[in-house]
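Data first, discussion second: the structure below is written as structure tokens.
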Amino acid sequence: ETEGEGGLTTNKVAKKAGFSIGTLYQYFPSKESILLAMINRERRRVLDELQAMMKRAVQERRDASSVVRELVHTLVESFGSGPKHKRAMIRLAWRMDHHENITQALREASERNAFALSQLGDPTLRAPTPALMFVATRAVMGAIRSASLEDSPLLGTPEFEDELVRMVLGVIRA
């Protein structure tokens, strides 16, 4: 964890998990397969967290601006920023992850967010059409991914999140 990408070995993963290296290799044939499983688990955790957040927002009848701000913050924190070692692991995940996994997660999040936005009852919002949601989700995640891969100092700053929020609100507002 503290050594970043280069310090991640199969032996260290086995030790941290409390398994022997042989046991680990029974379930995962390679270091890459372990990393992909970790990436998938984290993606699922974030999607579940976002779904719960959107459900609460609908129940509380929150305004769209605060919902978008919380959503953007969670995405930046989960897929872009953090301490140096976490950022290194996130960059590795962005480079390793398979396109179809990312695409499926974006589709799922887009559909869930469209439903939640339509349930907010905010008259200033456009109907969350598939095209609108495609553009909004890909724009946000594309910016986070690019900033992460470039190791941009903007990640985790209020300015970066503010611009993402402005962009999303500009897309979804009537």
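Using the working numbering, the first residue of the sequence shown is number 9, and each one after it goes up by one.
Just so you know, even glycine gets a beta-carbon here, dropped at the ideal spot from N, CA and C.
Since the structure is predicted, the reported quantities are computational estimates derived from the model, not experimental observations.
Query raised in the report: Which residues mark the beginning and the end of the alpha helix (DSSP H) in which Gly88 is found?
Result: No alpha helix (DSSP H) holds Gly88; DSSP gives it neither H nor E.
Requested in this report: Mark Met141 as exposed unless 16 or more other C-beta atoms lie within 10 angstroms of its C-beta, in which case mark it buried.
Outcome: With a 10 Å radius around the Cβ and a threshold of 16 neighbouring Cβ atoms, Met141 comes out buried.
Query raised in the report: In terms of residue numbering, what span does the alpha helix (DSSP H) encompassing Glu108 cover?
Result: Residue range His107 to Gln127 is occupied by the alpha helix (DSSP H) that includes Glu108.
Query raised in the report: Which residue or residues does DSSP assign as beta-bridge partners of Arg181?
Result: By DSSP's assignment, Arg181 forms a beta bridge with Leu133.
Requested in this report: Report buried or exposed for Asn121, applying the criterion of at least 16 other Cβ atoms within 10 angstroms of its Cβ.
Outcome: Buried, since its Cβ has 16 or more Cβ neighbours within 10 Å.
Requested in this report: With a 10 Å radius around its C-beta and 16 neighbouring C-beta atoms as the bar for buried, classify Ile98 as buried or exposed.
Outcome: Under this definition Ile98 is a buried residue.
Query raised in the report: Quick one: what does DSSP say Leu140 is sitting in, helix, strand or coil?
Result: Leu140 falls in the helix class under three-state DSSP.
**Report entry** Per-residue burial, Pro166 [other beta carbons within 10 Å of its own, 16 or more giving buried]
**Finding:** With fewer than 16 Cβ atoms within 10 Å of its Cβ, Pro166 is classed as exposed.
Query raised in the report: So Glu172 packs on Ala113, CB below 8 Å; how close in whole Å?
Result: Sequence check: residue 172 is Leu here, not Glu. Approximately 18 Å separates the beta-carbon atoms of Leu172 and Ala113; this is outside 8 Å, ruling out the contact.
Query raised in the report: Using a Cβ-Cβ cut-off of 8 Å (strictly less than) and excluding sequence neighbours within five positions of Val80, which residues of its own chain qualify?
Result: Around Val80: Val148, Glu169, Leu172, Val173 and Val176.
Query - Limits of the alpha helix (DSSP H) - the one that Glu40 falls within - result: Start and end: Lys39 to Gln67.
Report task. Classify Leu166 as helix, strand or coil using the three-state DSSP reduction. Result -> The amino acid at residue 166 is misidentified as Leu; the sequence shows Pro. In the structure shown, Pro166 sits in a helix (DSSP, three-state: H, G or I).
**Report entry** Local Cβ density within 10 Å of Gly88, reported as buried at 16 or more and exposed below that
**Finding:** Gly88 is buried by the Cβ-count criterion.
Query raised in the report: What is the DSSP secondary structure of Ser73, reduced to helix, strand or coil?
Result: Ser73: helix per DSSP, three-state reduction.
Query raised in the report: Between Ala151 and the rest of its own chain, which residues show a CB-CB distance below 7 Å, the 5 nearest in sequence each way excluded?
Result: The answer, listed in chain order, is Leu172.
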